[in-house]
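> Sharing a structure, written as structure tokens. Questions coming.
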Amino acid sequence: MKKILALVLAAMMVLSMASFAAADDGYAGNLKIWVAEATVEFTKAQVEAFKAAHPEYANMTVEVLPVGEGDAANNVITDVEAAADIFGFAQDQLARLVAANALMDVEPENAKVVAAENDAGSVAAVTLGETMYAYPMTCDNGYFLYYDKSVVSDPSTLEGIVADCEKAGKNVYFEINSGWYQTAFFFGAGCTLTYGTDNEGAIVSSECNYASENGVKALKAMINLAKSPAFKNGSSISAGSDIGAIVDGAWDSNYAQEAFGENFAAVKLPTVDGFQLGGFGGFKMLGVKPQTDEAKMAACDALAAYLTSGEVQLARFEAVGWGPSNLAAKSSEKVQSNVALAALADQLQYAVPQGQYPNDYWSLATGLGDDVIAGKYNDLDDAALLEVLQNFQNTAASYVTAK
Amino acid sequence: MSKKNEIPEVDIVIDEQKGVIREVKQPNLRSKAGHERRVNTGIYILLVLISVIWLAPFVFLVFQSFRSYATEDGGMVAYLLPKQWSLDNYRWLFNDPKSNFLRWYGNTLLIALFCAVIQTVMVLSVSYTLSRLRFKGRKLIMNVVLVLGMFPGFLTMITLYFLLKQLGLTQQGAIPGLILIYVASSGMGYYISKGFFDTIPKSLDESARIDGATRFQVFLKIIMPLAKPIVIYTILMAFMAPWGDYVFASYVAFGSEPNYNVAVGLYRWVNVNDYQGYFTRFCAGGVLVAVPITALFLALQKYYVEGVTGGAVKG
Amino acid sequence: MNDLDYLKLTGFSKLGYKLKKFFTGIPGRLAGALKGLGLWFVKLFRGIGSALADLGSTFVHGDWKTKLSYLVMGFGSCARGQWGRGILFFLFQTVFNLYMVNFGVAYLGKLNTLGTIETYREGRKTVYGDNSFFILLYGVLTLFFVLAFLYTWYMNVKQNRVSEQILKSGKKLKSTKDDLKSLMDEQFHKTLLALPTLGVTVFTILPIFFMILVAFTNFDATHQPPSKLFTWVGWDNFRQLLSSDNASYGNTFSQVLLWTLIWAFFATFLNYFLGMLVAIMINKKGIKLKKMWRTILVMTIAIPQFVSLLYVSKMFAADGLINSFLMRLGWISTPLPFWTDPVWARVTVIVINVWIGIPYLMLIATGILMNIPADLYESARIDGANAFQMYKKITLPYMLFVTGPYLLTSFTGNINNFNVIFLLSGGKPLSLELSGNAGYTDLLITWLYKMTVSDTNYKLAAVMGILVFLVCAVINLIVYNMIPSVKNEEDFQ
């Protein structure tokens with residue numbers, strides 16, 4: 001028995017020395033990447049380009065699999081070991097991932113480059129406390145209005161859009177039961193809802209003033225919208241039908257152009273009840289999970305940095321229409337002239353850069369939205385609506401973890 | 001099947017004085033027949049209505065699957081009949097390099113075949129033992145299974161996942177992993193076939209035992225040939241179940257698209273926002289899954305009826 | 001109240017009397033069950049006690065072979081020529097010892113803290129510390145293994161005693177060949193049950209035991225191995241789920257539980273009566289194409305639910321086929337809130353479940369209806385009974401009698417009916433009045449799923465699982481004895 005053990009130990013030592021040796025000349029093992037389905041082919045091509053440019057990584061085996069930004073964080077948290085080494089995710093998951101210790105902080109040299117080359121909002125979005133935890137990939141994670149020119153004559157007020165669609169028997173899609181789209185109303189009316197996090201991703205403070213005159217105004221606008229027969233809750237073009245107008249993001253722009261054909265149009269969000277709809281401006285990012293092998297870690301750092309570099313961001317925009325966060329790529333002529341991204345940029349003036357939110361916030365907001373859609377508040381007066389929002393605000397504040 | 005259960009229309013009565021059975025002369029005989037006809041017409045109307053409700057979703061599903069992807073887009077629409085009929089969606093499922101459908105289909109078929117064999121062996125072993133053999137601890141086993149069955153199945157998902165992972169049977173190994181968890185505890189579903197074995201007379205075993213047959217020989221040569229209906233029922237159930245499993249299959253295979261089963265793959269097309277315009281493809285895929293399963297089920301319906309009826313009666 | 005008094009009551013007060021009797025009987029039945037459980041434990045401890053006494057007396061009276069077998073398992077068997085048994089005993093002991101030395105002891109030692117070494121970073125490299133999950137899992141596995149070992153060890157000693165006695169009486173011991181033969185004959189049950197028992201132990205009992213323990217830890221998204229440790233927290237999780245202060249889920253839990261029971265009631269009995277009705281219609285004399293009607297109905301059983309239910313769920317959406325069809329007809333001006341209004345959503349899932357459930361009941365009812373003796377109907381008709389009276393006095397009692405146990409299993413089955421809710425509504429709509437991501441159509445089981453998969457809140461999911469078990473167990477205990485057809489299973493043979 002002891003002999004076998006000794007043999008195994010010896011073999012392991014040889015192996016680990018081999019991997020030490022490998023640290024200097026790159027990495028030749030396996031590496032797994034999760035990205036959204038639409039960018040799988042693109043990412044594969046970019047990985048090949050990366051390997052060609054970095055001979056020390058030429059023998060690395062990279063597997064690119066479609067796992068959407070929505071699922072990635074959940075999967076990574078469920079089992080870090082089985083998760084991809086590099087994965088794309090949307091900003092709202094950052095604190096959760098950090099709290100679960102599922103993200104490696106960005107390599108210091110890379111962090112400097114990222115901070116210098118990317119949009120300030122996106123840099124803030126990948127940073128918790130002092131530490132940068134992910135590589136910004138896009139700054140198009142906001143929403144705006146796609147509409148059918150033949151249906152909607154004037155997209156500047158929500159009331160007008162709804163009236164046009166009602167007349168034409170078309171639908172207005174706005175996912176008001178999502179904590180993400182819902183803020184268009186509340187933030188637009190001048191409310192705030194933010195959480196503060198510490199270095200480890202724990203939620204330590206909150207600020208919310210939904211229970212106010214402005215909050216009531218926003219809630220009433222939601223209630224009025226939900227009352228219309230043309231209103232449908234949703235934000236996916238392909239899951240909707242008879243679309244007159246839809247509040248959706250840039251990731252759907254290619255599909256929107258196909259769906260609307262020559263009547264395709266995109267603008268910033270309209271005003272409602274006299275105030276401009278606001279909302280979140282968010283970012284998508286690439287994260288790297290912690291590794292037990294330094295050589296692999298170095299490979300992940302290098303590859304993630306490459307996949308979020310200016311050129312690749314620009315190429316990604318050209319391939320799938322995702323708006324870059326890299327300043328140089330962002331200011332390129334092609335990006336500037338894109339209709340959907342122009343609409344987004346227009347809208348982002350009114351939007352708040354998205355910070356970190358506890359996971360419970362999203363289901364709380366869905367609860368509020370579902371109540372609105374179910375018509376529970378249709379007959380309430382302002383005082384009663386204020387009470388609803390007070391309740392919302394109290395629950396939102398209760399998610400702060402006591403230290 | 002239909003003869004035995006018909007309730008005879010009784011227009012006869014026993015005439016006690018004369019001691020004979022004679023037909024009753026009913027003054028309202030004609031209106032009674034009319035009443036009968038009206039009742040039957042009512043039932044026909046109801047049955048047709050029910051049939052429409054039952055079949056409509058499937059017919060709609062088929063319609064959607066034939067909608068042209070090229071000219072009418074693959075998303076949801078509010079109309080029923082395709083403006084242009086085409087095989088676009090089916091063609092895409094089979095030919096497009098981006099489509100993993102055939103792979104998923106093969107995965108599921110493989111799982112279903114293995115389950116059909118192993119699970120049947122497990123279920124028959126347990127149900128035969130508990131039904132026809134008497135030994136110490138038999139009641140205890142039945143009570144333990146009853147208690148275990150009251151725990152919700154998804155409770156232990158995370159544990160099963162990590163158990164499988166220890167064996168290397170998640171993600172890339174998801175297919176054998178799924179087979180393992182489907183069959184491992186399948187012995188617990190012994191009720192229905194035990195109910196069947198209970199109905200086979202014990203005297204058969206006893207006379208064979210007197211003739212010197214071992215229990216194994218009794219099992220193999222005497223009981224199994226009689227158990228054909230329940231064997232087919234068990235195989236059918238074991239084969240059909242894996243086609244519909246989303247929850248475990250997605251939990252075990254997450255992140256590894258080539259190792260999904262059809263349920264996971266197709267479910268994601270309609271419920272994950274990354275997939276735009278996959279609705280008609282979902283419909284086509286759904287049809288391709290549903291048609292063979294339904295055909296198999298209808299062909300073996302007789303055994304299914306025997307199984308559920310027996311199982312329900314004996315609990 | 002004696003039988004005569006009972007018969008004098010009107011129909012309505014008869015029902016009242018029965019209900020009263022049912023509810024006043026509940027405490028008694030529960031107490032009976034607890035008593036049964038207590039007796040079982042008493043029996044268990046007595047058994048252990050007598051086993052210990054056996055061990056003592058065997059050691060005192062046994063020969064040297066037996067005595068050595070206390071240390072080296074299987075020695076006695078080998079020494080007496082039963083090589084097969086002896087070697088198996090010895091192998092088992094060797095494997096056990098190796099396992100304990102290499103893993104078992106270490107895991108058992110950490111079981112009280114579930115690990116203390118934190119994960120840390122070494123430059124850009126991560127070095128993982130203790131993994132609480134595996135400590136708990138292997139800890140439990142080791143406990144199982146130890147129990148199995150003790151039992152086998154006891155068997156090994158007992159074996160020696162029995163062999164000594166047999167040899168003393170002058171008979172011969174069974175050879176290995178005899179042992180193998182008996183596995184196909186007297187001991188055939190062991191052969192048949194070996195694999196299923198192993199499967200159930202590893203993939204059902206072990207995980208359930210593990211999850212019951214998780215309910216007493218803080219295993220959740222922020223204490224997720226391998227990066228973070230989790231540890232024991234006592235009854236905190238039960239408190240969070242059941243108490244009703246602000247941050248707890250008590251109110252939501254009682255609402256979800258109530259809805260789960262309502263759902264199970266309708267899903268069971270509505271399907272039951274409608275299924276029976278359809279079966280009666282199809283089987284009625286004079287109705288043609290019986291086979292066709294049946295085949296059409298069973299389509300919902302045959303087609304995988306993830307296809308049919310997902311599609312039907314889309315049909316009922318605000319922008320789905322049904323709403324747009326009705327709106328185009330001009331029958332409604334706003335979409336019907338099938339999935340958005342709490343009451344509508346609950347009714348809709350129940351109704352669509354009828355679509356799934358009727359065919360199943362129709363098949364069962366058809367089989368049973370055929371067995372009702374036709375002369376019962378005949379004599380009833382002569383007595384002038386109409387169709388409804390015959391149904392009430394003959395068909396229904398017969399059906400209820402025969403399918404009593406089925407109704408019970410189907411009720412508990414519906415409490416755990418995951419697919420229909422998950423695929424149709426996903427538990428929606430949510431509300432500010434509910435917390436913890438639960439919605440109005442969520443059952444305990446779908447809520448448990450959400451906790452596991454979307455919130456990775458395993459500790460609460462574990463508590464929920466225990467509570468679902470308790471609900472099912474209580475219902476079974478209450479109802480089981482009332483069922484008329486709980487017969488002695490030997491009666492069938």
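Protein chains in written order, with my numbering: chain W, 1 to 403; chain S, 1 to 315; chain B, 1 to 493.
Don't be surprised by glycine CBs; every beta carbon is placed ideally from N, CA and C.
1) Any idea what DSSP makes of B:Ile303, helix, strand or coil?
2) Taking 8 angstroms as the CB-CB cut-off, is W:Ala99 touching chain B?
3) Which runs of the alpha helix (DSSP H) spanning at least 4 residues fall entirely within the stretch 175-233 of chain S, listed in chain order?
4) Do you know offhand how far W:Asp119's Cα is from W:Met132's?
5) For a contact defined as C-beta to C-beta under 8 angstroms, what are the partners of S:Phe279 on chain W?
6) Looking only at its chain, what residues have a beta carbon closer than 6 angstroms to the beta carbon of W:Gln276, apart from the 5 residues adjacent to it on each side?
7) Could you pull out every residue in the same chain whose Cβ sits closer than 7 angstroms to the Cβ of W:Gly355, ignoring the five residues on either side in sequence?
8) Between the Cα of B:Cys78 and those of B:Asn156, B:Leu460 and B:Ser57, spot the shortest distance and give me the residue it belongs to.
9) Closer than 8 angstroms is the cut-off here; do at least three beta carbon pairs connect the stretch 368-386 of chain W with the stretch 420-435 of chain B?
10) Taking 8 angstroms as the threshold (beta carbon to beta carbon), is B:Tyr360 in contact with chain S?
11) Please list the residues of the stretch 286-308 of chain S that have a C-beta atom closer than 7 angstroms to any C-beta atom in chain B, keeping them in chain order.
12) Could you tell me the distance, in whole angstroms, from the CA atom of B:Val453 to the CA atom of W:Gly282?
13) Would a check of beta-carbon distances place W:Asn75 closer than 8 angstroms to chain S?
14) Which residues, in chain order, does the stretch 303-319 of chain B contribute to contact with chain W at a C-beta distance below 9 angstroms?
15) If you run the structure through DSSP and keep just helix, strand and coil, what is B:Tyr360?
16) Could you give the uninterrupted runs of the alpha helix (DSSP H) lying entirely in the stretch 85-135 of chain B, keeping only those of 4 residues or more?
17) Can you check which of these residues, W:Met297, W:Thr197 and W:Met137, is closest to W:Gly26 by C-alpha distance?
18) Closest to B:Lys177 by CA distance: which of B:Gly84, B:Leu30, B:Ile301 and B:Phe230 is it?
19) If you measure between the beta carbons of S:Ile293 and B:Ile445, is that distance less than 8 angstroms?
20) Using a Cβ-Cβ cut-off of less than 8 angstroms, list which residues of the stretch 341-354 of chain B approach chain W; keep chain order.
21) Run the CB neighbour count on S:Glu206, radius 10 Å, all protein chains shown included, and call it buried at 16 or more, exposed below.
22) Would DSSP call S:Arg67 helix, strand or coil?
23) Quick check on DSSP: helix, strand or coil for B:Val486?
24) Taking all protein chains shown into account, do 16 or more other C-beta atoms lie within 10 angstroms of the C-beta of S:Met224, making it buried, or fewer, making it exposed?
25) Confirm, please, whether the CB-CB distance from S:Ala184 to S:Asn259 is below 8 angstroms.
26) Straight-line CA distance for B:Ala264 to B:Ile415?
27) Please confirm whether W:Pro358 has its beta-carbon closer than 8 angstroms to some beta-carbon of chain B.
28) For my contact list, S:Thr120 and B:Met184 are in at a C-beta cut-off of 8 angstroms; report their separation, rounded to the angstrom.
29) By the criterion of Cβ-Cβ separation under 7 angstroms, what are the contact partners of W:Asp371 in chain D?
30) Going along chain W, which residues have a C-beta under 9 angstroms from B:Gly404?
31) Per the DSSP calculation, W:Glu207 is bridged to which residue(s)?
32) For B:Thr124, decide whether its Cβ has a neighbour in chain W, counting only Cβ atoms nearer than 8 angstroms.
33) Using only alpha-carbon positions, find the residue among W:Ala397, W:Ala340, W:Val40 and W:Leu31 that is nearest to S:Pro97.
34) Please determine, among S:Phe297, S:Ile179 and S:Tyr303, the residue with the shortest C-alpha to C-alpha distance to B:Ile301.
35) To be precise: take each residue of the stretch 117-145 of chain S, compare its Cβ to all Cβ atoms of chain B, and keep it if any distance is under 7 angstroms. Which residues remain?
36) Please state whether DSSP places S:Gln119 in a helix, a strand or coil.
With the given structure in hand:
1) coil
2) yes
3) 191-199 and 202-210
4) 14 angstroms
5) Ser238 and Ala239
6) Gly188 and Tyr350
7) Thr194 and Tyr195
8) B:Asn156
9) yes
10) yes
11) Gly286, Val289, Ala290, Ile293, Thr294, Phe297, Leu298, Gln301, Val305 and Val308
12) 25 angstroms
13) yes
14) Lys314, Ala317, Ala318 and Asp319
15) helix
16) 105-110
17) W:Met297
18) B:Gly84
19) no
20) Asp341 and Pro342
21) exposed
22) strand
23) Low confidence applies here, because B:Val486 scores a pLDDT of 48, under 50, leaving its location unreliable; read the following figure in that light. B:Val486 falls in the coil class under three-state DSSP.
24) exposed
25) no
26) 5 angstroms
27) no
28) Rounded, the Cβ-Cβ distance is 20 angstroms, inconsistent with contact.
29) The question asks about chain D, but that chain is absent: this structure's protein chains are W, S and B.
30) Ordered by position in chain W, no residue passes the 9 angstroms Cβ test against B:Gly404, which lies about 39 angstroms from the chain.
31) W:Thr194
32) Before going on, a small fix: residue 124 of chain B reads as Arg here, not Thr. Chain W contact via Cβ: present.
33) W:Val40
34) S:Phe297
35) Met122, Ser125, Val126, Tyr128, Thr129, Leu133 and Phe135
36) helix
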